[in-house]
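The opening residue of the sequence shown carries number 317 in my numbering; numbering runs sequentially from there.
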Amino acid sequence: MDARLPALESLAVALGEEEAVLAGLLRLADAMRDALIAADFDRLDEASNAMQAAAAEIVRLGRERDGLLAAIGGAGATLNEVLSVAASLGITALDSRRQRLVSAALSLQQAQERNARLVLGAVRLRERWFNMLAGMISPTYGSAGRQNPAAARRFVSKTA
317 MDARLPALES LAVALGEEEA VLAGLLRLAD AMRDALIAAD FDRLDEASNA
367 MQAAAAEIVR LGRERDGLLA AIGGAGATLN EVLSVAASLG ITALDSRRQR
417 LVSAALSLQQ AQERNARLVL GAVRLRERWF NMLAGMISPT YGSAGRQNPA
467 AARRFVSKTA
């Protein structure tokens, strides 16, 4: 029996835990999307806090995975190198776990990019409304002591 088998089993468990946390992060990203669309700031805050806790867990699991990789393949070993070690021992389940992990990470990245676009769109909309409303304010006297009548006419959005 190879002495690396227990570490390989632990690695399989760690990869499964990482996949579960990433799946939870994806659900939280969807909850964040729904909160952004509904402008529900309490739900947005809850989702954000839960995402930060999950991200801390991902960091912890990443450190654990790195330690297991070093125990199996030596210092600085990569997951791909350890997968070849596992394959030489007849263990093929790690590769499918790695593929699911990569897929989950990609899905999370896409969800976060979508949420970033939603936030950016909301900021741009707020800026447009602010500029439009600011243009509707009645003119006052300027620094030269004269009224600026052009300021009162700027209430139509030029970008609409």
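C-beta: ideal position from N, C-alpha, C; glycine also. The structure presented is a predicted model; accordingly, all values stated were derived computationally and were not measured.
If Gly389 sits next to Val398, beta carbons under 8 angstroms apart, how far is it from one beta carbon to the other, in whole angstroms? Counting from 1 along the sequence shown, the entry for residue 389 is found at position 73. Counting from 1 along the sequence shown, the entry for residue 398 is found at position 82. Their Cβ separation, rounded to whole angstroms, is 5 angstroms, which keeps Gly389 and Val398 in contact under 8 angstroms.
Leaving out the 5 sequence neighbours to the left and right, which residues in its chain are closer than 8 angstroms to Leu377 when beta-carbon positions are compared? Numbered from its first residue, the sequence shown carries residue 377 at position 61. For Leu377, where only same-chain residues beyond five positions count, the Cβ hits under 8 angstroms are Ala330, Glu333, Glu334, Val337.
Where Arg320 falls: helix, strand or coil (DSSP): Position 4 of the sequence shown, counted from the start, is the residue given in the question as residue 320. It is coil, neither helix nor strand.
Return yes when the Cβ of Ala427 is within less than 9 angstroms of the Cβ of Ala345, no when it is not. For the purposes of this step, residue 345 is taken as the residue at position 29 of the sequence shown. For the purposes of this step, residue 427 is taken as the residue at position 111 of the sequence shown. In contact: Ala345 and Ala427 (Cβ atoms closer than 9 angstroms).
Could you round the C-beta distance between Ser326 and Met348 to whole angstroms and report it? I think they count as a contact, below 8 angstroms. Position 10 of the sequence shown, counted from the start, is the residue given in the question as residue 326. Position 32 of the sequence shown, counted from the start, is the residue given in the question as residue 348. Actually they do not touch by this definition, with Cβ atoms about 32 angstroms apart.
Given a threshold of 16 other Cβ atoms within 10 Å of its Cβ, counted over all protein chains shown, does Ala323 qualify as buried or as exposed? By one-based count along the sequence shown, residue 323 stands at place 7. Buried, since its Cβ has 16 or more Cβ neighbours within 10 Å.
Give me the Cα-Cα distance between Asp356 and Arg416, rounded to the nearest whole angstrom. To locate residue 356, count along the sequence shown from 1; it is residue 40. To locate residue 416, count along the sequence shown from 1; it is residue 100. Taking the straight line from one Cα to the other gives about 32 angstroms.
Starting from the C-beta of Asp318, find all residues in its chain whose C-beta is less than 8 angstroms away, skip the five residues before and the five after it, and write them out in chain order. By 1-based counting over the sequence shown, the position of residue 318 is 2. For Asp318, where only same-chain residues beyond five positions count, the Cβ hits under 8 angstroms are Leu405.
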